[in-house]
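For the sequence shown, our numbering begins at 40 and goes up steadily by one. We put the beta carbon where it would ideally sit given N, CA and C, even for glycine. The structure presented is a predicted model; accordingly, all values stated were derived computationally and were not measured. Here the structure comes first, spelled out in structure tokens, and everything after it is commentary.
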Amino acid sequence: MLSCPRALRFPLLAAAVLTFALTPLGGPVRADAPPPAVKALKAAKPERVLFVGNSYLYYNDSLHNHVRRMVAASGLSDMKTLKYKSATISGAMLFDHNIDGYLEPGKLRVKDPFQVVVLQGFSAAATKKDHPPKFAATVADFAKKIQAAGGETALYMTHAYVKPHKKYDPDMIRAIEKLYVETGNAVGALVIPVGLAFEEAYKRRPDMKLHQSYDSSHPSLDGTYLAACVVFASVYGQSPVGNGYDYFGKVDKDTAAFLQQVAQDTVKRFYGR
Numbered sequence: 040m041l042s043c044p045r046a047l048r049f050p051l052l053a054a055a056v057l058t059f060a061l062t063p064l065g066g067p068v069r070a071d072a073p074p075p076a077v078k079a080l081k082a083a084k085p086e087r088v089l090f091v092g093n094s095y096l097y098y099n100d101s102l103h104n105h106v107r108r109m110v111a112a113s114g115l116s117d118m119k120t121l122k123y124k125s126a127t128i129s130g131a132m133l134f135d136h137n138i139d140g141y142l143e144p145g146k147l148r149v150k151d152p153f154q155v156v157v158l159q160g161f162s163a164a165a166t167k168k169d170h171p172p173k174f175a176a177t178v179a180d181f182a183k184k185i186q187a188a189g190g191e192t193a194l195y196m197t198h199a200y201v202k203p204h205k206k207y208d209p210d211m212i213r214a215i216e217k218l219y220v221e222t223g224n225a226v227g228a229l230v231i232p233v234g235l236a237f238e239e240a241y242k243r244r245p246d247m248k249l250h251q252s253y254d255s256s257h258p259s260l261d262g263t264y265l266a267a268c269v270v271f272a273s274v275y276g277q278s279p280v281g282n283g284y285d286y287f288g289k290v291d292k293d294t295a296a297f298l299q300q301v302a303q304d305t306v307k308r309f310y311g312r
């Protein structure tokens with residue numbers, strides 16, 4: 040049995056860990072994720088934001104670059120003021136990261152403490168044996184350190200695999216949603232519903248290519264653009280609809296408009312805004 044002493048200091052997190060520990064591996068996952076407890080950040084317009092994760096973040100010129108440019112295009116802040124950083128390790132799980140080093144002021148060439156730290160877990164964190172409790176325990180540990188450093192924690196809900204990925208499961212997104220929302224609620228973190236936006240986009244346009252065709256796992260450029268729209272809407276509480284950022288013309292106008300609307304609709308429904 041996995042021991043998670045840090046996580047079990049949080050009663051709600053302990054319950055979440057127990058729930059996943061008792062879920063039959065490989066069996067059906069119940070779609071019973073609770074509603075998110077945190078619907079907005081305290082920092083209304085954060086300018087110092089750190090992303091921590093793996094290749095899901097750094098593909099396609101890195102998610103943090105797209106979000107930063109989108110914020111600048113919205114007029115909420117300018118590029119010079121926005122201090123965005125991304126700490127990613129290929130194939131990494133959250134516990135592979137040295138969060139203490141990242142949070143040390145000046146360590147990542149950002150003088151003042153990060154206002155928001157976005158944590159992205161391993162793609163199979165919700166479905167692979169023993170991973171849910173490890174993810175929950177790591178988030179609990181990191182969230183305490185982020186709070187002590189003066190920042191807020193946000194969780195980047197990953198998207199599910201699609202066919203023909205060998206581990207494709209139509210219920211994977213339900214397991215991801217449950218893990219991220221329960222873990223986020225337990226530690227008081229904002230959950231960013233990127234995975235739900237992918238699901239919604241595919242429902243509206245089954246022919247969309249939000250995943251890389253060669254592995255059915257990593258995001259395509261359109262997938263990263265959709266993720267950026269969701270992060271923007273979730274973190275800043277602003278609609279991405281009509282935002283002029285299109286990655287220097289690489290995302291066509293109609294696709295950008297579609298993905299912006301999907302992101303806004305998903306965020307509005309998820310938070311009940």
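message: Quick check: F161 and H170, are their CB atoms within less than 8 Å of each other?
response: Against a cut-off of 8 Å, the Cβ pair of H170 and F161 comes out as a contact.
field: For A193, the first and last residue of its enclosing beta strand (DSSP E)
entry: Here the beta strand (DSSP E) through A193 covers E191 to Y195.
field: Under 8 Å between C-beta atoms of L89 and F153
entry: Taking 8 Å as the Cβ cut-off, L89 and F153 qualify as a contacting pair.
field: Validate contact between the stretch 247 to 266 and the stretch 72 to 83 using beta carbons, cut 8 Å, 3 pairs
entry: Judged by Cβ distances under 8 Å, the stretch 247 to 266 makes no contact with the stretch 72 to 83, as fewer than three pairs qualify.
task: Less than 8 Å between the CB atoms is what I'm expecting for D261 and L298, so what's the real figure, rounded?
output: Taking the Cβ atoms as the reference, D261 lies roughly 7 Å from L298, within the contact range of under 8 Å.
message: Using a Cβ-Cβ cutoff of less than 8 Å, which residues in the same chain neighbour V110 once the five nearest sequence positions on both sides are dropped?
response: Taken in chain order, the residues that qualify are S116, L121, F271 and Y275.
- request: Output the residue ranges of the alpha helix (DSSP H) runs that lie fully inside the stretch 226 to 264 and measure 4 residues or longer, sorted by chain position.
  value: Runs of the alpha helix (DSSP H) inside the stretch 226 to 264: 233 to 243.
message: Quick check on the DSSP output: the alpha helix (DSSP H) that includes Y310 runs from which residue to which?
response: Here the alpha helix (DSSP H) through Y310 covers K292 to Y310.
message: Per DSSP, what are the beta-bridge partners of K122 in this structure?
response: Looking at the DSSP output, K122 bridges to R87.
Per DSSP, the bridge partner or partners of L96: Partner(s): none; L96 has no beta bridge.
message: Measuring only the C-alpha atoms, how far is A295 from Y264?
response: Straight-line Cα distance between these residues: approximately 8 Å.
- prompt: How many angstroms separate the CA atom of R312 from the CA atom of A240?
  reply: The alpha-carbon atoms of R312 and A240 are separated by roughly 20 Å.
- request: In the DSSP assignment, find the alpha helix (DSSP H) that holds V280 and state where it starts and stops.
  value: Under the DSSP assignment, V280 falls outside any alpha helix (DSSP H); it carries neither an H nor an E label.
message: So, does the stretch 91 to 110 touch the stretch 209 to 226, judging by three or more C-beta pairs under 8 Å?
response: These segments do not touch.
query: Which residues bound the alpha helix (DSSP H) around L115?
result: Judged by DSSP secondary structure, L115 falls outside any alpha helix (DSSP H); it is assigned neither H nor E.
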